[in-house]
Each structure stands twice: as structure tokens, then as C-alpha cells.
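Asker: Every number in the working numbering is 1 more than the matching position in the sequence shown, counting from 1.
Yeah, the Cβ is synthetic: ideal placement off N, Cα and C, and Gly gets one too.
Got a structure here, written out as C-alpha cells. Questions coming.
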Amino acid sequence: MNRILLGALAGLVAAAPMSLAMKLMHEQLPEHEQYPLPPRAITMEVAEEAGVKEHLDEPERESLTWAAHFAYGAACGAAYAPLASRSPLPPALSGAAFGVAVWAGSYLGWLPAAGILRPATEHPPRRTALMIAAHVVWGVAAGLVVESLTDDDEGGRAER
């Protein structure tokens with residue numbers, strides 16, 4: 002299978018355990034820190050800038066949030082898979098490292114630069130830790146899925 006498509010599939014799949022981890026950790030935050038998680042905030046900010054937010058009812062907003070979140074996971078997975086084959090690290094570790102890189106590039110980089118979300122340094126430490134941990138979950142899952150779907154020439158699992 003093409004590594005980019007394989008990575009997109011892995012990133013899509015990995016968004017499920019990431020989402021569950023985010024939900025469970027979000028429920029453990031103090032009540033004043035339980036405002037919407039970044040996927041919702043990001044999606045609604047983009048929808049507002051596009052002029053469509055006001056036309057969406059709550060079920061549509063929820064669906065759009067999940068669709069955007071899983072699509073971003075797939076896009077990041079597509080970027081990860083070609084790099085994974087070059088990593089000397091075990092899949093779970095290379096995936097975790099890539100997940101943290103995605104978090105940093107997004108929450109300290111392009112999201113604040115685009116005016117979509119405040120930088121992670123301006124959020125409560127527990128929420129920042131939650132999002133880093135969720136990206137580690139995504140990365141580990143993506144790494145393991147890529148590894149499990151990668152075949153070598155003999156038809157078995159690829160060797161590192």
C-alpha cells in the first residue's frame with residue numbers, strides 16, 4: 002500500500018483513541034477548565050471566519066468538529082508514514098515523538114500564527130498537558146497502525 006495512504010489511514014484510526022483520551026482527561030479537569038477542547042474551538046473559529054458558523058445547528062457543529070478532527074489526524078498520519086520508515090526508533094516511540102511534534106507545530110506554531118487559537122503557553126497547564134498526552138496517544142496509535150500495515154517484500158512485517 003502507498004505509504005502516504007497508509008499513513009492517512011493510520012492517522013484517521015489513531016484519532017479515535019486520541020479522542021477518547023481527550024474526553025476522559027477533559028472530564029477530570031477542574032470545572033473552570035472544562036471549556037471546549039481545541040478541536041471544537043478550532044473548528045468553530047474557522048467556521049466563523051468562513052461565515053458558516055451562524056448557519057450550523059448544534060448537531061452540525063458537532064459533526065463538523067469530529068470530521069475536521071479526524072481529517073486532520075489523517076493528514077498528519079499521511080505526513081508521518083514516509084518519515085516512520087526512516088526512523089531508528091520503535092514504532093510506538095517514533096509515533097509518540099511525531100505526535101508531540103504535531104502538537105508543538107500546531108499549538109505553538111501555525112494555530113496562533115493564523116489567529117485561530119491562543120498559544121499553548123496561554124492555556125492552563127493541565128489543559129496543555131492533556132493535549133500533549135492526547136497527541137502522544139495519537140502518535141503511539143499511528144505508529145503501531147503504520148507498522149502493522151507495512152509489509153516487507155516477503156509479505157511479513159517490515160524490519161527496522
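#1: Among W104, I117, E28, which one has its Cα closest to the Cα of I133?
#2: Could you check where the alpha helix (DSSP H) with M45 kicks off and where it finishes?
#3: Please confirm if L150 has its CB atom under 8 Å from at least one CB of chain D.
#4: In chain order, which continuous runs of the alpha helix (DSSP H) of length 4 or greater are located wholly inside the stretch 63-88?
#5: I need the DSSP call for R4, collapsed to helix, strand or coil.
#6: Using the Cβ count rule (16 or more neighbours within 10 Å means buried), how would you classify A75?
#7: Nearest-angstrom Cα distance between A121 and W111?
#8: Taking all protein chains shown into account, do 16 or more other C-beta atoms lie within 10 angstroms of the C-beta of H70, making it buried, or fewer, making it exposed?
#9: Mind reading off the beta-carbon distance from A93 to V147? Whole number of angstroms is fine, and I expect it under 8 Å.
#10: Is Q29 helix, strand or coil when you go by DSSP?
#11: Taking the C-alpha atoms as reference points, what is the distance between A114 and V14?
#12: Straight-line CA distance for M2 to R41?
#13: By alpha-carbon positions, which one of A82, S86, R128 ends up nearest to L6?
#14: DSSP three-state call for V53: helix, strand or coil?
#15: Do you know offhand how far G96's Cα is from L90's?
Answerer: Quick look at the numbers:
#1: W104
#2: 39-50
#3: Of the protein chains in the structure, only one exists, and it is not chain D.
#4: none
#5: helix
#6: buried
#7: 12 Å
#8: buried
#9: The Cβ separation is near 11 Å, so there is no contact.
#10: helix
#11: 28 Å
#12: 32 Å
#13: A82
#14: coil
#15: 9 Å
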